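Keeping their order, the protein sequence lines are chains A and B. My numbering puts the first residue of the first sequence at -3, with every later residue one more than the last. My numbering puts the first residue of the second sequence at 737, with every later residue one more than the last. Some notes on the structure that comes next.
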Amino acid sequence: TQLLEQSPQFLSIQEGENLTVYCNSSSVFSSLQWYRQEPGEGPVLLVTVVTGGEVKKLKRLTFQFGDARKDSSLHITAAQPGDTGLYLCAGGGNTDKLIFGTGTRLQVFP
Amino acid sequence: EAGVAQSPRYKIIEKRQSVAFWCNPISGHATLYWYQQILGQGPKLLIQFQNNGVVDDSQLPKDRFSAERLKGVDSTLKIQPAKLEDSAVYLCASSFRRPANTGELFFGEGSRLTVL
Chain A
-3 TQLLEQSPQF
7 LSIQEGENLT
17 VYCNSSSVFS
27 SLQWYRQEPG
37 EGPVLLVTVV
47 TGGEVKKLKR
57 LTFQFGDARK
67 DSSLHITAAQ
77 PGDTGLYLCA
87 GGGNTDKLIF
97 GTGTRLQVFP
Chain B
737 EAGVAQSPRY
747 KIIEKRQSVA
757 FWCNPISGHA
767 TLYWYQQILG
777 QGPKLLIQFQ
787 NNGVVDDSQL
797 PKDRFSAERL
807 KGVDSTLKIQ
817 PAKLEDSAVY
827 LCASSFRRPA
837 NTGELFFGEG
847 SRLTVL
């Protein structure tokens, strides 16, 4: 069974701080997606990474796929209250299944 | 472009009662997913359809859950009889590209079920 563990589970920070969220697995994935989910809404895709070592930037968010394609990280620079939400990584394998991680709940206070 | 539509948004039932959720995916999306999300956790895949055929239902509790996608468009998810541990948000998603490992999943707002 493929599992994706995210850490930390909860993160509460002040506006302007930096943070990193980790997504780890013992399984290899062919692709890794990151979603953000706000209360009462469905998850929304932020990025997809497919190559080991790949780094993608989305404004203040930096995503990295591990060289072995077993892990990923999300770094947010100068967090804003609008970044508040549940961050989910999701791994795709050789099948059509997309396995979601355990989630990281981020709260950014003004 | 209209998004994924789900109904009802909220449902409260007693244990052992039945409930049904409806999903209308984005037009042209062949793949449809039902996920169960316990509060604060990541979504767990219940069932995945490709057109009107089932691709994966390995984590669907088949003794009480059923799902269908007639004509390869709308889908319904039914729970009968409901248990307390079924309290969760049921998310429907659809995607255009197959396989899902490179395609974006578009989610509905979810149906929140409370079982008393």
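Glycine included, C-beta positions come from ideal geometry on N, C-alpha and C. On a predicted model such as this, the values are computed, not experimentally measured, just so you know.
Here Gly36 of chain A is exposed. Its C-beta has fewer than 16 other C-beta atoms within 10 Å.
Gly78 of chain A sits in a helix when the DSSP states are folded into three classes. Judged by DSSP secondary structure, Val791 of chain B falls within the beta strand (DSSP E) whose first and last residues are Gly789 to Asp792. The three-state reading of DSSP puts Asp822 of chain B in helix, counting H, G and I together. Between the alpha carbons of Ser794 of chain B and Leu827 of chain B lies a distance of about 17 Å. Look at Lys751 of chain B here: in three-state DSSP terms it is coil, with no helix or strand label. If you ignore the 5 residues before and after Arg65 of chain A, its C-beta comes within less than 6 Å of the C-beta of Val24, Phe25 and Gly48, all in its own chain and listed in chain order.
Contact note: Thr47 of chain A does not reach chain B at a C-beta cutoff of 7 Å; the least C-beta distance is about 12 Å.
Interface residue (Cβ-Cβ distance to chain B less than 8 Å): Glu37 of chain A is classified as such. When secondary structure is reduced to three states using DSSP, Lys798 of chain B falls in the coil class, being assigned neither helix nor strand. Within chain A, the residues Thr98 and Gly99 have their CB atoms less than 8 Å from the CB of Gln777 of chain B, given in chain order. Considered as a whole, the segment 43 to 71 of chain A harbours 51 to 54 and 57 to 61 as its complete beta strand (DSSP E) runs of no fewer than 3 residues, in chain order. For Val809 of chain B, there is no enclosing beta strand (DSSP E), as DSSP marks it with neither H nor E.
The beta-carbon separation of Ala829 of chain B and Val740 of chain B, rounded to 6 Å, stays under the 8 Å limit for a contact. For Val740 of chain B, no beta strand (DSSP E) segment is defined, and its DSSP state is neither H nor E. In the DSSP assignment, Phe842 of chain B is bridged to B:Ser830.
Between Gly789 of chain B and chain A, the shortest Cβ-Cβ separation is not below 8 Å.
Contacts with chain A at 8 Å (Cβ-Cβ) do not include Asp793 of chain B. For Phe785 of chain B, the nearest beta carbon of chain A is not closer than 8 Å to its own beta carbon.
With three or more CB-CB distances shorter than 8 Å, the segment 69 to 83 of chain A counts as touching the segment 27 to 41 of chain A. Judged by their CB atoms, Gln772 of chain B and Trp758 of chain B are not nearer to each other than the 8 Å cut-off.
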